[in-house]
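The structure appears below as structure tokens.
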Amino acid sequence: SQTIHQWPATLVQPVGSPLSLECTVEGTSNPNLYWYRQAAGRGLQLLFYSVGIGQISSEVPQNLSASRPQDRQFILSSKKLLLSDSGFYLCAWSGQGGEQYFGPGTRLTVT
Amino acid sequence: AQSVTQLDSQVPVFEEAPVELRCNYSSSVSVYLFWYVQYPNQGLQLLLKYLSGSTLVKGINGFEAEFNKSQTSFHLRKPSVHISDTAEYFCAKNGNEKLTFGTGTRLTIIP
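And the structure:
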């Protein structure tokens, strides 16, 4: 069966520090991968998605970037965090019907 | 543009009462629709999906949804709710390798 992992689960970082969040998927090949952000009490915002290694589509201009160095690995990064980067970050992969399966999320607090 | 509308941001319901969470979507040639549930500080979990076939779709935790093409709706229902159903519920539609999510409905169960 397929599983998706995200780490860390929680993170507190000062403004201006770098960020690296990692997501890995097991049990499937060549999945589409997605990064979302969920601000407190708000809906989901799609940040990036990838249909293959090295292929990244950005949905909104922002302080973040994404990379896919391996088929089942998706990384979200920032060189300098802003207060507005705080939120709940979710990684997901998509199945054959287009449904997406989500990881447990990373709670990022920028102080 | 793809859109999914969840008109009710909050729905309070007494325990063991029935509930309906409303979802309307923008019409398109092929429609794949999904309902997700999110418990506090967790990722989204797929409740059910409509890809084709029967318009009544049954999901986990006793939930079901009905695809209505003429009304472009995909409402989620449960005949009797429990305290454990307290969560945020998101409706989503597939298109162009991505999902478009509604803004979510917070279901609160009153003991």
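If you read the sequences in order, they're chains X and W.
The numbering used here numbers the first residue of the first sequence as 1 and each following residue consecutively.
The numbering used here numbers the first residue of the second sequence as 1 and each following residue consecutively.
C-beta atoms are modelled at their ideal positions from N, C-alpha and C, and glycine is treated no differently.
Legend entry - Residue range of the unbroken beta strand (DSSP E) whose run includes Gln38 (chain X): The residue you call residue 38 (chain X) lines up with position 38 of the first sequence. Per DSSP, Gln38 (chain X) belongs to the beta strand (DSSP E) from 33 to 38.
Legend entry - Sub-8 Å separation of Lys78 (chain W) and Pro18 (chain W) beta-carbons: Working through the second sequence from its first residue, we reach residue 78 (chain W) at position 78. Working through the second sequence from its first residue, we reach residue 18 (chain W) at position 18. For Lys78 (chain W) and Pro18 (chain W), yes; Cβs fall inside 8 Å.
Legend entry - Residues near Ser73 (chain W) by beta carbon distance below 6 Å, same chain, minus five either side: As a working note, residue 73 (chain W) is residue 73 in the second sequence. For Ser73 (chain W), where only same-chain residues beyond five positions count, the Cβ hits under 6 Å are Asn24.
Legend entry - Neighbourhood of Leu46 (chain W) by C-beta distance below 7 Å, restricted to the same chain and skipping five residues each side: In the second sequence, residue 46 (chain W) corresponds to position 46, counting from 1. Cβ neighbours of Leu46 (chain W) beyond the five flanking positions: Phe34, Tyr36.
Legend entry - First through last residue of the beta strand (DSSP E) which encompasses Tyr39 (chain W): Within the second sequence, numbered from 1, the residue matching residue 39 (chain W) stands at position 39. Tyr39 (chain W) -> no beta strand (DSSP E), and no H or E assigned at all.
Inset, instruction - Please state if the CB of Tyr36 (chain X) and the CB of Leu47 (chain X) are separated by a distance shorter than 8 Å. - result: Residue mapping note: residue 47 (chain X) aligns to position 47 of the first sequence, counting from 1. Residue mapping note: residue 36 (chain X) aligns to position 36 of the first sequence, counting from 1. Cβ atoms of Leu47 (chain X) and Tyr36 (chain X): closer than 8 Å.
Legend entry - Own chain partners of Ala66 (chain X) with C-beta closer than 8 Å, once the 5 adjacent residues on each side are dropped: In the first sequence, residue 66 (chain X) corresponds to position 66, counting from 1. These residues qualify, in order along the chain: Trp35, Leu47, Phe48, Ser50, Ile56, Ser58, Phe74, Ile75, Leu76, Ser77.
Inset, instruction - With a 10 Å radius around its C-beta and 16 neighbouring C-beta atoms as the bar for buried, classify Trp7 (chain X) as buried or exposed. - result: On the first sequence, position 7 is the one that residue 7 (chain X) refers to. Answer is exposed; the Cβ neighbour count stays below 16.
Legend entry - Cross-strand partners of Pro12 (chain W) (DSSP beta bridge): Reading the second sequence from its first residue, position 12 is the one you call residue 12 (chain W). Partner(s): W:Thr108.
Inset, instruction - State whether the region 64 to 71 of chain W contacts the region 2 to 17 of chain W, with contact taken as three or more CB pairs (one from each stretch) at a distance under 8 Å. - result: no
Legend entry - Beta-carbon gap between Thr108 (chain W) and Gln10 (chain W) smaller than 8 Å: Counting from one through the second sequence, the residue named residue 108 (chain W) turns up at place 108. Counting from one through the second sequence, the residue named residue 10 (chain W) turns up at place 10. For Thr108 (chain W) and Gln10 (chain W), yes; Cβs fall inside 8 Å.
Legend entry - Neighbour flag for Thr51 (chain W) against chain X, beta carbons, 8 Å: In the second sequence, counting from the first residue as 1, residue 51 (chain W) sits at position 51. One detail in the question is off: residue 51 (chain W) reads as Leu in this sequence, not Thr. Yes, contact with chain X.
Inset, instruction - Check the C-beta distance from His75 (chain W) over to Glu20 (chain W) and give it rounded, since I have them as a contact under 8 Å. - result: Looking up residue 75 (chain W) in the second sequence gives position 75. Looking up residue 20 (chain W) in the second sequence gives position 20. Between Glu20 (chain W) and His75 (chain W) the Cβ distance is about 5 Å, and since that is below 8 Å, they are a contact.
Legend entry - Neighbourhood of Tyr101 (chain X) by C-beta distance below 8 Å, restricted to the same chain and skipping five residues each side: Here residue 101 (chain X) refers to the residue found at position 101 when the first sequence is read from its first residue. Here the set comprises Gln2, Ile4, Ala92, Trp93, Ser94, Gly95.
Legend entry - Own chain partners of Asp8 (chain W) with C-beta closer than 8 Å, once the 5 adjacent residues on each side are dropped: Stepping through the second sequence from its first residue, residue 8 (chain W) is reached at position 8. Once the five neighbours on either side are set aside, the close Cβ partners of Asp8 (chain W) are Leu21, Arg22, Thr105.
Legend entry - Residue from X:Thr111, X:Val110, X:Gly97, X:Tyr89 whose Cα sits closest to the Cα of Pro104 (chain X): Position 104 of the first sequence, counted from the start, is the residue given in the question as residue 104 (chain X). The candidate whose alpha carbon is nearest that of Pro104 (chain X) is X:Tyr89.
Legend entry - Three-way DSSP call (helix, strand, coil) for Ile4 (chain X) in this model: The count along the first sequence starts at 1 and reaches residue 4 (chain X) at position 4. Residue state, collapsed to three classes: strand.
Legend entry - Any non-hydrogen atom of the ligand ATP closer than 7 Å to Gln45 (chain X) Cβ: Among the components modelled here there is no ligand, and therefore nothing to report on the ligand ATP.
Inset, instruction - Give a yes or no on whether the C-beta atoms belonging to Val60 (chain X) and Ser86 (chain X) are separated by under 8 Å. - result: Stepping through the first sequence from its first residue, residue 60 (chain X) is reached at position 60. Stepping through the first sequence from its first residue, residue 86 (chain X) is reached at position 86. For Val60 (chain X) and Ser86 (chain X), no; Cβs fall outside 8 Å.
Inset, instruction - Find the residues of chain W that neighbour Phe102 (chain X), judging by a C-beta separation of less than 7 Å, and give them in chain order. - result: Residue numbering aside, residue 102 (chain X) sits at position 102 when the first sequence is read from its first letter. In chain order: Gly43, Leu44.
Legend entry - Chain-ordered chain W contacts of Leu90 (chain X) [CB-CB under 8 Å]: In the first sequence, residue 90 (chain X) corresponds to position 90, counting from 1. Gly43, Leu44, listed in chain order.
Legend entry - Rounded separation between Ser54 (chain W) and Pro14 (chain X) - CA only: Within the second sequence, the letter at position 54 stands for residue 54 (chain W). Within the first sequence, the letter at position 14 stands for residue 14 (chain X). If I take the Cα positions, the gap works out to 51 Å.
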